[in-house]
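Here the sequence shown stands for residues 0 to 262, where the numbers follow numbering that gives the first Met the number 0.
Just so it is clear, CB atoms sit at the ideal spot from N, CA and C, and this is done for glycine as well.
All of these numbers come straight from a predicted model, not from anything done at the bench.
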Amino acid sequence: MLLAVLTLTLAGCYTVPETGRQSFIVISPGEESQLGASEFANIKAKEKISADPAYNEQVTRVGRHIADAVGNQLPSAKWEFVVFDAPKTVNAFALPGGKVGVYTGLLKLCDSDDELAIVMGHEIGHVTARHGAERMSEALLIGLGAVVVDAATQSRTNSTRNAWLIGYGAVVGVGASMKFSRNHESEADHIGVRYAAKAGYDPRASITFWQKMAKQKSQPGGVVGAVMALVSTHPVDAERIQQLQGWMPEVLPLYEAAKLHPR
Ligand SMILES: [Zn+2]
0 MLLAVLTLTL
10 AGCYTVPETG
20 RQSFIVISPG
30 EESQLGASEF
40 ANIKAKEKIS
50 ADPAYNEQVT
60 RVGRHIADAV
70 GNQLPSAKWE
80 FVVFDAPKTV
90 NAFALPGGKV
100 GVYTGLLKLC
110 DSDDELAIVM
120 GHEIGHVTAR
130 HGAERMSEAL
140 LIGLGAVVVD
150 AATQSRTNST
160 RNAWLIGYGA
170 VVGVGASMKF
180 SRNHESEADH
190 IGVRYAAKAG
200 YDPRASITFW
210 QKMAKQKSQP
220 GGVVGAVMAL
230 VSTHPVDAER
240 IQQLQGWMPE
250 VLPLYEAAKL
260 HPR
């Protein structure tokens with residue numbers, strides 16, 4: 000028990016950038032970045048990487064601008080932007096350490112860089128807010144004994160690893176059974192529109208993009224047989240759209256300011 004208490008004392012409070020919320024996280028940012036890099040390597044080995052020059056150029060271009068907006072909020076980032084060739088997978092994710100994956104199925108549905116910036120900003124918002132680490136910390140706290148075991152062996156149980164991956168949206172194909180927490184979703188939306196606006200992308204695209212996703216989901220003819228992973232993990236409803244609308248007075252000035260200093 001003493002060891003458990005020590006482990007918890009070493010862990011600390013984290014202040015989420017952009018929103019200022021305090022969260023409790025029991026793993027270090029360095030450890031988290033390491034986990035992110037190794038999971039990203041696993042995913043790259045498993046999925047088909049796209050060689051499409053236009054898609055790669057677009058994702059890198061938008062990603063770099065969002066990364067600039069993130070600035071020193073993610074000090075350990077070694078940014079990497081990878082396009083996965085899966086036209087029926089509508090998804091994107093970001094992992095700690097600045098590892099970002101976007102599927103071609105999502106790119107087909109993005110009508111502009113503004114819309115892509117909204118999605119990438121949202122996913123990167125999960126990372127800077129350390130949502131996966133927070134989920135993992137909750138999982139570890141539920142089984143306090145596991146904290147001791149993990150700290151001692153430097154290994155992670157499958158359930159805590161899964162909690163972590165789900166927290167970053169890096170699990171594809173699990174579908175509707177996997178839901179992000181509403182608070183994390185809302186916070187990633189908020190952080191994401193702020194990043195997009197600061198990077199000079201129109202934050203109003205968040206509203207049109209999510210409305211379009213909702214429509215795609217309800218029209219079977221929209222994306223035939225597509226794995227709408229993004230929508231199954233990110234429920235689109237009136238509350239979500241309303242919240243985004245509510246943030247516009249706050250983020251439109253950031254966008255206007257960014258436009259004065261063009262990229
Ligand atoms: Zn999300």
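The C-beta distance from residue 47 to residue 85 rounds to 7 Å, short enough to fall under 8 Å. Distance between residue 193 and residue 93, taken at the CA atoms: about 17 Å. Proximity of the beta carbon of residue 121 to ligand 1 is indicated: a heavy atom of the ligand is located closer than 7 Å. Distances from the alpha-carbon of residue 228 to those of 213, 72, 116, 183 put 213 closest.
Contact annotation: residue 208 and residue 114 have beta-carbon atoms nearer than 8 Å. Inter-segment contact for the segment 114–125 and the segment 46–61 is present: three or more beta-carbon pairs are separated by less than 8 Å. The three-state secondary structure of residue 22, taken from DSSP, is strand. Counting C-beta pairs closer than 8 Å gives three or more between the segment 120–139 and the segment 21–30, which meets the contact rule. Taking a C-beta distance under 8 Å as the contact criterion, residue 88 and residue 49 do not qualify as a contact pair. When the five nearest sequence neighbours on each side are left out, the beta carbons in the same chain lying within less than 8 Å of the beta carbon of residue 51 are those of 82, 84, 103, in order along the chain. The C-alpha of residue 191 is placed about 7 Å away from the C-alpha of residue 123. According to the DSSP assignment, residue 194 belongs to no beta strand (DSSP E) but to the alpha helix (DSSP H) extending over 181–197.
Beyond the five residues adjoining it in sequence on each side, residue 186 comes within less than 8 Å, by CB distance, of 15, 18, 20, 124, 128, 130 in the same chain, given in chain order.
At a Cβ-Cβ threshold of 8 Å, residue 257 and residue 169 do not count as neighbours. When the beta-carbon positions are compared, residue 251 and residue 206 stay at least 8 Å from each other. Taking each of 180, 216, 240, 28 in turn and checking the Cα distance to residue 202, the smallest one comes out for 240. Within a 10 Å sphere around the beta-carbon of residue 95 sit 16 or more other beta-carbons, which makes this residue buried.
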